[in-house]
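These notes concern the structure reproduced below.
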Amino acid sequence: MKKPNKFKTEEFLSSKQVELSKKPRLSEKEQRLLAQATVQLVEPDGQDLLGAGQAASQTAHNEACGADGTINPNWQALQSKLQVGPRKRQKTEAAAPPGRKAKELLKGPVQLKDSTAVTQVLAVDCEMVGVGPDGARSALARVCIVNNLGTVLLDKHVQPSERVTDFRTKYSGIRPADLKDAESLEDVAAEVAKLVEGRILVGHAITNDLQVLLLGHPRRLIRDTAFYPPLMRKVGPTGRLKPQALRNLAAAQLGLAIQAGEHSPVDDARATLYLYHRHRKDWEHSLQHASKHPPMSAPASTGQPVKSSKQTQGLDMSLALEMADL
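Position one of the sequence shown corresponds to residue 5 (the working numbering), numbered consecutively onward.
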């Protein structure tokens with residue numbers, strides 16, 4: 005069988021592409037010819053001449069998986085469920101200033117040249133341990149922040165300023181060894197404040213995360229999946245809205261099973277991020293039309309750490325148990 009001439013095949017394919025730009029549709033014969041030309045457009049060594057773009061996309065995908073190339077099963081499910089990942093667009097979101105207009109968020113995540121870029125949208129989740137008598141108050145023990153692609157930007161254990169009396173390992177996943185060489189709350193809080201300043205911050209019952217981090221954040225920059233009305237459930241005869249547990253939202257909205265045992269702040273942060281992605285367009289539109297009524301209340305501040313006190317370092321046990329269900 006005579007080997008096809010690569011250059012003639014390329015010329016034929018180019019001519020068909022020109023014709024395609026002038027016609028709304030190709031005939032069946034043209035479609036067959038174009039398909040044959042595409043199949044034949046292969047180097048002798050088997051290299052696909054049309055595969056360069058696919059290879060670049062796969063490289064960006066691999067970067068989002070982590071340094072060792074492995075992917076968490078939950079993260080795989082998130083990507084598959086919501087079709088999130090690198091796109092053909094080459095625009096880099098990280099190049100945009102932190103204060104860009106909210107309407108630009110409606111476009112959604114775009115491909116990043118650097119998957120570890122600090123994007124305009126970040127998601128946060130914290131794990132707590134118990135301090136004080138019977139571990140009745142909560143203190144920060146671990147914080148995780150992911151960017152708009154779900155790549156982990158920060159994941160650190162934190163040494164509470166008070167003695168830990170209940171590690172709550174069953175839920176927090178925190179063990180004594182995790183905190184042995186952990187950084188101080190002040191150092192981690194300062195790092196987080198610098199990272200999130202001026203950016204959209206997504207979380208679930210995020211006020212509690214900010215409280216244990218000793219941080220405030222502008223209300224207009226908060227997206228709380230616990231208090232976004234379409235994600236809340238109606239209770240009672242009046243249909244009062246009440247927050248849903250993150251694990252329930254992840255199962256219903258994303259098809260994920262999370263928090264079956266010890267919590268992973270990485271999985272939780274990604275779950276809240278992609279709940280936001282799923283509702284992003286309507287969410288941002290609603291904020292544009294009701295800018296004076298943000299989706300939740302939070303302390304207004306510049307995003308800098310506030311002064312530490314025993315009152316702000318720990319949540320009371322009743323609130324902690326309630327929020328553990330979220």
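The beta-carbon is built from N, C-alpha and C at its ideal position, and this holds for glycine as well.
Remember, it's a predicted structure, so these values are computed and weren't measured experimentally.
Report task. Compute the beta-carbon to beta-carbon distance between L291 and A275, rounded to the nearest angstrom, for a pair I have assumed lies under 8 Å. Result -> L291 to A275, Cβ: 21 Å. No contact.
Query - Sheet register partners of I178 (DSSP bridge) - result: According to DSSP, residue pairing for I178 in a beta bridge does not occur.
Report task. Would you mind reading off the limits of the alpha helix (DSSP H) that contains K285? Result -> Segment P269 to H293, the alpha helix (DSSP H) holding K285.
Query raised in the report: Count the other CB atoms within 10 Å of the CB of D138; is the residue buried (16 or more) or exposed (fewer)?
Result: It counts as exposed.
Query raised in the report: DSSP three-state call for K238: helix, strand or coil?
Result: K238 falls in the strand class under three-state DSSP.
**Report entry** Alpha-carbon spacing of G154 relative to L277, whole angstroms
**Finding:** Put simply, the backbone Cα of G154 is about 7 Å away from that of L277.
Report task. Take the Cβ of R284 as the centre, count every other Cβ of all protein chains shown within 10 Å, and call the residue buried at 16 or more, exposed below. Result -> It is buried - the Cβ of R284 has at least 16 other Cβ atoms within 10 Å.
**Report entry** Reference E266; option with closest CA among V122, E131 and K246
**Finding:** For E266, the nearest C-alpha among the options comes from E131.
Query - Spatial neighbours of A264 in its chain, beta-carbon cut-off 7 Å, leaving aside the 5 residues before and after - result: Excluding residues within five positions, none has a Cβ falling inside 7 Å.
Query raised in the report: In terms of residues, what are the limits of the alpha helix (DSSP H) holding K198?
Result: Residues L189 to V200.
Query raised in the report: Using a Cβ-Cβ cut-off of 7 Å (strictly less than) and excluding sequence neighbours within five positions of A336, which residues of its own chain qualify?
Result: The shown model of the chain, from 5 to 330, leaves out residue 336, and the question about it has no answer.
Query raised in the report: Anyone know if the C-beta pair for R172 and V206 falls short of 8 Å?
Result: In this structure, V206 does not lie closer than 8 Å to R172 by Cβ.
Report task. Would you kindly work out how many angstroms separate the C-alpha atoms of H281 and W287, rounded to a whole number? Result -> Cα-Cα distance, rounded: 9 Å.
Report task. Kindly say whether G134, judged by its beta-carbon, lies nearer than 8 Å to any beta-carbon of chain B. Result -> Absent here is chain B; the protein component of the structure consists of one chain.
Query raised in the report: In three-state DSSP terms, what is D213?
Result: Reduced to three states, the DSSP call for D213 is helix.
Query - Beta-carbon proximity list for R237, same chain, < 6 Å, skipping 5 on both sides - result: Cβ neighbours of R237 within its own chain (closer than 6 Å, five residues either side excluded): K246 and Q248.
Query raised in the report: In whole angstroms, what is the alpha-carbon distance linking P180 and L235?
Result: Cα to Cα, P180 sits roughly 36 Å from L235.
Query raised in the report: Leaving out the 5 sequence neighbours to the left and right, which residues in its chain are closer than 7 Å to V162 when beta-carbon positions are compared?
Result: Within the same chain, V162 has close Cβ partners L144, A145, R146, V147, A186, E187, L189 and V192.
Requested in this report: Count the other CB atoms, across all protein chains shown, that sit within 10 Å of the CB of V128; report buried if there are 16 or more and exposed otherwise.
Outcome: So V128 counts as buried.
Report task. Assuming L157 contacts V150 (C-beta within less than 8 Å), just tell me the rounded distance between them. Result -> At roughly 6 Å, the Cβ-Cβ gap stays under 8 Å, so L157 and V150 are in contact.
Query raised in the report: Relative to the C-alpha of E195, which residue among S176, P222, L217 and T211 is closest?
Result: When the alpha-carbon of E195 is set against those of S176, P222, L217 and T211, the nearest one is in L217.
Query - Under the three-state DSSP convention, the category T169 falls into - result: Taken through DSSP and simplified to helix, strand or coil, T169 comes out as strand.
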